Structure formats: C-alpha cells, structure tokens
Amino acid sequence: MSETTPKGFVDLTASIVSAYVSNNATTAAEIPALISQIHAALVRVSNSGTEAAAEPAKPAVSIKKSMTSEYLVCLEDGKRFKSLKRHLRSQYNMSPEQYR
Numbered sequence: 001m002s003e004t005t006p007k008g009f010v011d012l013t014a015s016i017v018s019a020y021v022s023n024n025a026t027t028a029a030e031i032p033a034l035i036s037q038i039h040a041a042l043v044r045v046s047n048s049g050t051e052a053a054a055e056p057a058k059p060a061v062s063i064k065k066s067m068t069s070e071y072l073v074c075l076e077d078g079k080r081f082k083s084l085k086r087h088l089r090s091q092y093n094m095s096p097e098q099y100r
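Heads up, the sequence shown stops at 100 in the numbering used here, and the numbers go up one at a time, no gaps.
Structure below.
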C-alpha cells in the first residue's frame with residue numbers, strides 16, 4: 001500500500017465504499033459509519049504493516065527434514081516436490097538464488 005498519505009487513505013476509502021455500496025444493499029444512514037470504519041481499518045493496517053513485516057519468516061519444516069532422497073520440501077509452504085524451481089517461480093516469484 002503505497003498511498004499512506006491522508007489523501008491516499010481518503011481515495012482508497014472512497015473506492016472501497018463505492019464498490020461495496022454498488023454491490024450491497026445499504027441505506028444512506030449506514031454510509032457514514034461504513035466510511036469511518038473502512039478509513040480506520042486502512043489506517044490501522046498501514047500502522048501495523050511495518051511491524052508485521054519486521055518479523056522474520058519461519059520455515060514450514062526444519063532445514064534438515066526438507067531434503068530427502070525422494071523429494072524436497074519447500075520451506076515457504078511445506079509442500080513436497082522433486083524440483084522446486086517451477087514452484088518457487090510460479091507461487092512466490094522467486095529464483096533459486098533468492099530462495100537460498
């Protein structure tokens with residue numbers, strides 16, 4: 001979310017509220033509360049987003065258990081593969097070097 005300015009939050013809130021109202025039955029009395037709830041949620045998410053990103057990711061399995069003679073286990077999601085290259089590129093847009 002690159003629009004963290006107050007104007008950016010207002011624009012995002014307006015877009016979300018207009019999309020919601022166009023697809024759901026709402027009364028005019030409900031719209032101000034909806035606007036304030038969505039704006040508060042955007043502010044809360046933008047403030048907590050930097051804290052959550054600071055935590056390092058934990059592997060799905062231990063590194064020792066991720067390699068066997070029959071398969072490799074992806075540390076990102078714990079799925080088993082004979083080759084991780086295609087999975088890493090399609091699911092996480094990562095090269096093998098970035099994964100290492």
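Here a beta-carbon is modelled for each residue, glycine too, at the ideal position from N, C-alpha and C. Since the structure is predicted, the reported quantities are computational estimates derived from the model, not experimental observations.
With a cut-off of 8 Å on the beta carbons, I'd call residue i and residue j a contact; round off their distance for me.
{"i": "K65", "j": "V73", "result": "7 Å"}
{"i": "D77", "j": "A60", "result": "6 Å"}
{"i": "L42", "j": "L12", "result": "6 Å"}
According to the Cβ coordinates, are residue i and residue j closer than 8 Å?
{"i": "V17", "j": "I38", "result": "yes"}
{"i": "V21", "j": "I31", "result": "yes"}
{"i": "Y92", "j": "R80", "result": "no"}
{"i": "K85", "j": "P96", "result": "yes"}
Run through the DSSP bridge pairs and tell me what residue i is partnered with.
{"i": "R80", "result": "V73"}
{"i": "M67", "result": "L72"}
Per DSSP, what kind of secondary structure is residue i in: helix, strand or coil?
{"i": "Q37", "result": "helix"}
{"i": "M1", "result": "For M1, the predicted model reports a pLDDT of 45, less than 50, meaning its position is unreliable and no value from the coordinates is stated."}
{"i": "E30", "result": "coil"}
{"i": "N47", "result": "helix"}
{"i": "N23", "result": "helix"}
Of the choices the options, whose alpha-carbon is the least far from that of residue i?
{"i": "S46", "options": "P6, A19 and A25", "result": "P6"}
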